[in-house]
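Please read the structure below before turning to the comments.
Protein chains: 2
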Amino acid sequence: MLEKNTCCGGHSHTPKNLIAKAEEFCSANGQRLTAPRAEVLKTLARSHKALGAYDILEAVLIDGKKAKPPTIYRAIEFWLEHGFIHRIESLNAYVSCDHDHDTAGVHFLVCENCKCVREAHTASPLKALDLDGFEPKHSQTETVGLCKDCH
Amino acid sequence: MLEKNTCCGGHSHTPKNLIAKAEEFCSANGQRLTAPRAEVLKTLARSHKALGAYDILEAVLIDGKKAKPPTIYRAIEFWLEHGFIHRIESLNAYVSCDHDHDTAGVHFLVCENCKCVREAHTASPLKALDLDGFEPKHSQTETVGLCKDCH
DNA sequence: CACGCTGATGTTATATTATAACATTAAGCG
DNA sequence: CGCTTAATGTTATAATATAACATCAGCGTG
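Sequence order for the protein chains is A and B. Those letters in the first sequence? Residues 303 to 453, by my numbering. Those letters in the second sequence? Residues 303 to 453, by my numbering.
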């Protein structure tokens with residue numbers, strides 16, 4: 303994993319911008335931008351495709367040493383909670399997010415071949431639905447298929 | 303798991319109907335309705351909530367004996383392929399389906415408390431989207447929240 | 001019926017993803 | 001400084017899923 307890949311136009315977020323946003327968020331909210339958190343976010347931001355937790359684990363060094371699973375999962379959880387990354391359920395993998403949106407409804411186009419993920423925006427899929435007492439908290443749509451470069 | 307539960311109005315599919323449909327499907331398509339397949343489908347059909355593979359494993363006996371993981375996963379795969387069950391990605395769990403629909407786009411209302419799952423139908427979420435070369439194969443929306451009885 | 005083909009299951013082992021539990025360290029604050 | 005709290009380090013293990021190969025059952029054919 304993490305090999306150079308030009309699929310999807312080589313799209314990836316810019317680690318610097320995302321880290322800057324993260325720094326800003328942390329100082330504004332009394333959170334700490336620690337080494338594991340920073341490394342995990344940078345790794346995801348550099349990748350244009352979804353990475354599994356153990357891909358991240360292999361990719362990052364914290365103070366020059368390989369981390370252990372809980373360290374990675376804690377950082378993942380932190381960024382998930384604060385909307386800096388998303389979990390792609392159908393891949394058990396994670397992507398960074400540089401969109402500003404409430405995280406209540408998102409839509410991902412997931413390439414089953416190269417695992418690249420594009421985040422799309424539409425109207426909430428709940429609009430047209432008879433919820434009949436169901437109280438929604440979060441909607442996520444995943445469309446699996448082949449990206450432009452893979453089909 | 304599998305305890306009696308009256309949440310969501312005790313909704314569950316009717317194993318007999320679903321098995322009848324499955325029998326019909328198999329004979330029409332040259333597939334075999336073997337013991338593991340039948341038991342797995344019945345178990346899911348009886349449950350009104352999503353079951354993990356290992357919940358199913360604990361629940362079924364094949365010729366009076368506990369099965370092993372590959373047996374369960376093969377049956378799950380079989381029914382997934384043929385649209386008799388769905389995988390709820392956010393739970394790593396499975397539900398039976400007695401709807402007739404192309405499996406190209408489905409929407410689930412998932413209760414995070416009791417794990418009951420309601421299948422809903424709306425227009426495809428892809429309609430409003432600029433796919434820009436992405437070739438979609440399957441869309442699934444999962445809305446996590448609290449069901450009528452749990453909130 | 002015996003044979004051989006095919007698809008399904010049985011079995012063993014292991015890969016992959018994720019978390020529990022407790023010890024230690026670091027940051028912020030009076 | 002010394003306390004408190006949040007975060008990380010560490011060890012172990014849970015939960016989910018699959019690879020690989022052996023065996024068996026159904027079925028058409030000679």
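Beta carbons: idealized from backbone N, C-alpha and C, even for Gly.
What residue does the alpha helix (DSSP H) around Ser459 (chain B) start on, and which one ends it? Because residue 459 (chain B) is not part of the residues shown, which for chain B are 303 to 453, the question remains open.
From the beta carbon of Thr443 (chain A), is the nearest beta carbon of chain B less than 8 Å away? Your numbering for residue 443 (chain A) matches position 141 in the first sequence. So yes, Thr443 (chain A) belongs to the interface.
My output table needs one value for Ser349 (chain A): the three-state DSSP class, helix, strand or coil. Here the question's residue 349 (chain A) lines up with position 47 in the first sequence. Three-state DSSP puts Ser349 (chain A) in coil, outside helix and strand.
Run through the segment 351–411 of chain B for me and flag every whole beta strand (DSSP E) of 3 or more residues, listed as ranges in chain order. 387–390, 395–398
Counting along the chain, where does the alpha helix (DSSP H) carrying Leu448 (chain A) start and finish? In the first sequence, residue 448 (chain A) corresponds to position 146, counting from 1. Note, Leu448 (chain A): premise wrong, no alpha helix (DSSP H); beta strand (DSSP E) at 437–448.
Whose CA, out of A:Val397, A:Ala369, A:Gly366, lies closest to the CA of Thr316 (chain A)? Start at 1 with the first residue of the first sequence, and residue 316 (chain A) comes out as number 14. It is A:Val397.
Since Asn415 (chain A) is in the alpha helix (DSSP H), which residue starts that stretch and which ends it? The count along the first sequence starts at 1 and reaches residue 415 (chain A) at position 113. Per DSSP, Asn415 (chain A) belongs to no alpha helix (DSSP H) and is neither H nor E.
Assess, as a yes-or-no matter, whether the segment 370–389 of chain A is touched by the segment 361–380 of chain B under the definition of 3 or more beta carbon pairs within less than 8 Å. no
What in chain A is Cβ-close to Asp400 (chain B), meaning under 7 Å? As a position in the second sequence, residue 400 (chain B) is number 98, starting the count at 1. Within chain A, no residue comes near Asp400 (chain B); the closest Cβ sits about 18 Å away, beyond 7 Å.
Just grab the DSSP bridge partners of Arg420 (chain A) for me. Against the first sequence, residue 420 (chain A) aligns to sequence position 118. A:Leu411.
Flag Met303 (chain B) as yes if its beta-carbon sits less than 8 Å from any beta-carbon of chain A, otherwise no. Working through the second sequence from its first residue, we reach residue 303 (chain B) at position 1. For Met303 (chain B), the pLDDT reaches just 35, beneath the cut-off of 50, and the residue's location in the model is therefore unreliable, leaving the point undetermined.
Against chain A: residues of the segment 426–439 of chain B by CB proximity under 9 Å: Pro427, Leu428, Lys429, Ala430, Leu431, Asp432, Leu433, Asp434, Gly435, Phe436, Glu437, Pro438, Lys439
Can you give the Cα-Cα distance for Lys351 (chain A) and His388 (chain A), rounded to whole angstroms? One-based indexing of the first sequence puts residue 351 (chain A) at position 49. One-based indexing of the first sequence puts residue 388 (chain A) at position 86. In a straight line, the C-alpha of Lys351 (chain A) is about 12 Å away from that of His388 (chain A).
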